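For reference, the structure discussed in these notes is given below.
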Amino acid sequence: GRAPNLDVLLTGPTNVVGIESKLTEYLARHQAAFSPAYAEQIRDDRREHGYFREMLRLVDAPDSYHWLDAAQLIKHAFGLARCFRDRPVTLLYLFWEPANPDAAPEFAAHRQEISAFAERVAGSTPEFRAMSYPELWRTWHDAGPAAWLAQHIAALRERYEVTL
């Protein structure tokens, strides 16, 4: 298979954030798949983390998640934990939702799967966090952004904050 590829990697002197971003890709159903190499070659402390346990669970039950590509997130987590052992790491899952996510049951189901995944990998490295793009933009806005960022937020909302 293909190696997983993070959308964004932010590194600083004290921490690392890897970002996986989804627009509407998650609205297609997913089935977890892992090369046997993951279980064979991971021989360090990553085997003790929730991501490894979740991978083993998904090998036995690959249809556990319909909307969340949990296998991709687990592969990203393995890579981040291997490459950045010397500082705290966060895996951030960013996803788009319409302004009215209650318009279709898939959006609520996606959020439920995110919550279930987060519970299963809690306490692991990297720390898993998830938020929608509208939540991210609100966070930026609430921080009292510089004028250029406020303009950028407005442009993002105009383009992507749509109602179904």
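Just so we're aligned: 32 in this note's numbering is position 21 of the sequence shown, and the numbers increase by one with no gaps anywhere.
Quick reminder that beta carbons are idealized off the backbone N, C-alpha and C, glycines included.
Computed from a prediction, not measured in an experiment: that's the story for all the values here.
Can you tell me the Cα-Cα spacing of W148 and I30, whole angstroms?
The residue given as residue 148 occupies position 137 in the sequence shown. The residue given as residue 30 occupies position 19 in the sequence shown. Each residue's Cα considered, the two are about 15 Å apart.
Work out the CA separation of S32 and D18 for me, nearest whole Å.
As a working note, residue 18 is residue 7 in the sequence shown. As a working note, residue 32 is residue 21 in the sequence shown. Distance from the CA of D18 to the CA of S32, rounded to the nearest whole angstrom, comes to 6 Å.
Quick check: what's the CA-CA separation for Y76 versus R64?
Your numbering for residue 76 matches position 65 in the sequence shown. Your numbering for residue 64 matches position 53 in the sequence shown. Between Y76 and R64, the C-alpha separation is close to 15 Å.
Take Y104 as the anchor and find which of A82, L175, R96, L67 has the nearest alpha-carbon.
The residue you call residue 104 lines up with position 93 of the sequence shown. Taking the Cα of Y104 as reference, the smallest distance to any Cα among A82, L175, R96, L67 is reached at A82.
Among M66, A110, E36, R168, which has the Cα closest to the Cα of P47?
Residue numbering aside, residue 47 sits at position 36 when the sequence shown is read from its first letter. Out of M66, A110, E36, R168, M66 has the C-alpha closest to the C-alpha of P47.
For a test of the three-state rule: what should DSSP assign to L160, helix, strand or coil?
Walking along the sequence shown from the start, residue 160 turns up at place 149. Helix at L160.
Proximity of H121 and L69 at Cβ, strictly below 8 Å
Position 110 of the sequence shown, counted from the first residue, corresponds to residue 121. Position 58 of the sequence shown, counted from the first residue, corresponds to residue 69. L69 sits away from H121, with the two beta carbons spaced by 8 Å or more.
For A92, count neighbouring C-beta atoms within 10 Å of its own C-beta (all shown protein chains included) and say buried if the count is 16 or more, exposed if not.
Taking the sequence shown and counting its residues from 1, the one referred to as residue 92 is at position 81. Within 10 angstroms of the beta-carbon of A92 lie 16 or more other beta-carbons, which makes it buried.
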